[in-house]
């Protein structure tokens, strides 16, 4: 303890010495927060993006003589026993009845990585892992390497131009299968790929995840309808919330008498940002869906009535609910911007003969525009990540129709829609094969986090830029 | 010189336009505020039928959920308050200004991470992991603060020259790898200790020796996950309050012979107390109302149990699960709206209290001559 400096001689030495540890605990809590945030983001990045990398397929021989092919997913210690067990994704649900297989590591006799193992993505039954024997097309037949080339050539064509063909497949344990080409979506021979080819395949897989619809009860395929639904809902919401939020902020800041009542209203609005989102959901369900929607049905859609048109959750009600939810965000941000504008600007405008309207539209609003934009971006970021209220007012597990299509009136406000956040929740917790869905859930979560973080970063930079600019001005 | 005038014919039009626009803005503004007010009115209106029923048994149905809400919020705050306040104290008073300008937005970004994502990680990844490594988790909870103190102790003992490379003002950053290493060390050692002293599996021991059930998704998991979600909110507000304490106060205390920590503990924290309190209040409001994390990480079992290893069902989760299926106008429907009303009133009151306290604090700082 001789190294402790200075006050070692003072009587309160012990006290000080203990006290000097407190700042370290405080520093550690910053470090812990950073660590948790970093761990979360890294986990999402690694697992979300790693899923699309073509996994090496293994052919595994067990001590019992059983042979199967698949890719190893993870390894855990056996409960109450020595040794580990390993989980393999084996696909072939139509032949085996399951897509997963737990194997004790010690029972594995041999693991090889034959180059001719392929992986097919099919529309019913999902993945197939095994070997391609032949491609048959009318009278013709290709075998071996030629068959693989024929298959890739066929799959490169658009689905409508592919000639009807049959694939002759065998699994690792010798079962054979005839697979019509029409059900095959994608084929891959990951063991034969070079590093560069794998990178290309990875990019392709990411693109297909973003641009395709879900398959196999949301356990594979992409999230395009969910992205579309989220974006459309958010756009509708900002169209509703921006004018009303700005209007309310202008009223509060520029027109209302700045008295006690206005102060209370301001505090109230600010507090609404802290009210749980589920409460807004309840309001949306009770007032918009059952109240307004129910009446609309009675007035205009009475011929279809027991089945509701607007009297059930839908795009319009979801957007309205979220608009109400994000209203405080826009009002607070806009008011902040308005309050920053020096009164001299307003007085100058009025002194030069402008009416209040002219002062507002020519001087005040242009100056407050970045603040409004910040508010709207923050509102969009909040709305994009919000799920709880949507569960009550119109999100769907799997929407059969997109809310925009070629049918009049093109934008169908009454339809249910898919949402990234709800898609994530539903596949992770209500899916039939959660194990298979988890990689996709990671990817969806990563996408959602990226969208929200990018929106927030934009808002932060905008605000920062705005503050600096304003700071120079006055 | 006479300024150029607009033609007199346009003058009345302009005034009319102005009058109309002002009227419209007023109408719009008041309308929006009324719409916001309508939330409260609607909730109260829809719970009135419950009074007519006057069935106290129905209210008893809500009590496990009220308990669950409290339990979830408390376990989240138990984790969040020390970490958030510690982080706030450190970054307001010890951290170098350059680091602070980077760290603060980063931590505030944590708040933007959607609840579904946190809930997914907690419910499907963290919960099974903790179930398998219960002993390691409990050891980590004790070990992490100890290892931070250890870092401080080592720092006190090192030579001055070495200290310059690892200053306290940057400790928030370079403690990250230190904590990671310490964490890895604990994770590596605990299974061995568990094997030696606890007979292999703490969970089995708890069950057999003490009869404690362990549910995979429990209050511990909810506490960690929701704590993670609540930390940035508390941190941000508490940090603002602490950073706004007039510097003259702290400098004065130090001039009178107080150490940096004493000046902080006895002066700055006292002065910023109301601000810190309001930060905690707002965090509590968020923890009570959070839905997705609880829905995904709590198991949703309506139990009246205080055990940290058992699940719970909160008011918000009950609304999210049951309301879509409740028939409008039925008893369940009104009960769930009552639950929403309770959440609304609670968060509104808590936030108002926090806001009023904060405004008063701001006025006090202004009187002390600090930044407004």
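Protein chains in written order, with my numbering: chain A, 193 to 666; chain Z, 1001 to 1372.
All C-beta atoms in this analysis are idealised placements derived from N, C-alpha and C, irrespective of residue type, glycine included.
When C-alpha distances from residue 391 of chain A are compared across A:216, A:244, A:318, A:458, the shortest belongs to A:244.
Residue pairing by DSSP puts residue 412 of chain A in a beta bridge opposite A:407. Contact annotation: in the stretch 1123-1136 of chain Z, residues whose CB is within less than 9 Å of a CB in chain A are 1123, 1124, 1125, 1132.
For residue 1197 of chain Z, the enclosing alpha helix (DSSP H) covers residues 1171-1197. Runs of the alpha helix (DSSP H) lying entirely within the stretch 1093-1134 of chain Z, each at least 4 residues long, are 1097-1110, 1115-1120, 1127-1132 in chain order. Rounded to the nearest whole angstrom, the C-alpha separation of residue 222 of chain A and residue 1222 of chain Z is 21 Å. The beta carbons of residue 226 of chain A and residue 1176 of chain Z sit closer together than 8 Å.
Counting the other CB atoms within 10 Å of its CB gives residue 632 of chain A a total of 16 or more, which places it among the buried residues. Of all residues in the stretch 427-447 of chain A, only 436, 439, 440, 442, 443, 444, 447 place a beta-carbon less than 7 Å from a beta-carbon of chain Z. Straight-line spacing of the CA atoms in residue 1261 of chain Z and residue 1215 of chain Z works out to 42 Å. Annotated as distal: residue 419 of chain A and residue 645 of chain A, with beta-carbon spacing of 8 Å or more. Residue 1341 of chain Z is positioned such that its CB atom lies no closer than 8 Å to that of residue 1319 of chain Z. Annotated three-state conformation of residue 340 of chain A is helix, per DSSP. Of all alpha-carbon atoms in A:472, A:498, A:543, A:636, the one lying nearest the alpha-carbon of residue 575 of chain A is that of A:472. Nearest in C-alpha terms to residue 1140 of chain Z, of all of Z:1129, Z:1170, Z:1190, is Z:1190. Of all residues in the stretch 325-337 of chain A, none places a beta-carbon less than 8 Å from a beta-carbon of chain Z. Residue 1244 of chain Z counts as buried, since no fewer than 16 other beta carbons sit within 10 angstroms of its beta carbon. Among the residues facing chain Z, residue 511 of chain A is not included, as its CB has no counterpart in that chain under 8 Å away. For the pair residue 1032 of chain Z and residue 519 of chain A, the CB atoms are nearer than the 8 Å cut-off. Around residue 1046 of chain Z, the beta-carbon contacts reaching into chain A at under 9 Å are 474, 478. Residue 412 of chain A is positioned such that its CB atom lies no closer than 8 Å to that of residue 375 of chain A.
The beta carbon of residue 610 of chain A sits no closer than 8 Å to any beta carbon of chain Z. Beyond the five residues adjoining it in sequence on each side, residue 248 of chain A comes within less than 8 Å, by CB distance, of 263, 305, 382, 383 in the same chain, given in chain order. Under the three-state reduction of DSSP output, residue 262 of chain A falls in the strand class.
Using a 10 angstroms sphere on the CB of residue 629 of chain A, the tally of other CB atoms reaches 16 or more, which defines it as buried.
Distance from the CA atom of residue 274 of chain A to the CA atom of residue 1259 of chain Z, rounded to whole angstroms, is 55 Å.
Between the alpha carbons of residue 1090 of chain Z and residue 1241 of chain Z lies a distance of about 13 Å.
Distance between residue 404 of chain A and residue 417 of chain A, taken at the CA atoms: about 8 Å. Within chain A, no C-beta atom comes nearer than 9 Å to that of residue 1138 of chain Z; the closest sits roughly 16 Å away.
For residue 535 of chain A, the enclosing alpha helix (DSSP H) has its first and last residue at 535-543.
Within the stretch 372-408 of chain A, the beta strand (DSSP E) runs of at least 3 residues that lie entirely inside it are, in chain order, 376-380.
No Cβ of chain A is located within less than 8 Å of the beta carbon of residue 1070 of chain Z. By the criterion of a C-beta distance shorter than 6 Å, residue 259 of chain A is surrounded in its chain by 253, 364, 365, once the five residues flanking it on both sides are discounted. Residue environment for residue 431 of chain A: exposed (fewer than 16 other C-beta atoms within 10 angstroms of its C-beta).
Using beta-carbon distances, residue 1197 of chain Z does not count as an interface residue toward chain A, since no partner is under 8 Å. Using a Cβ-Cβ cut-off of 8 Å, residue 1316 of chain Z is close to 468, 470, 580 of chain A, given in chain order.
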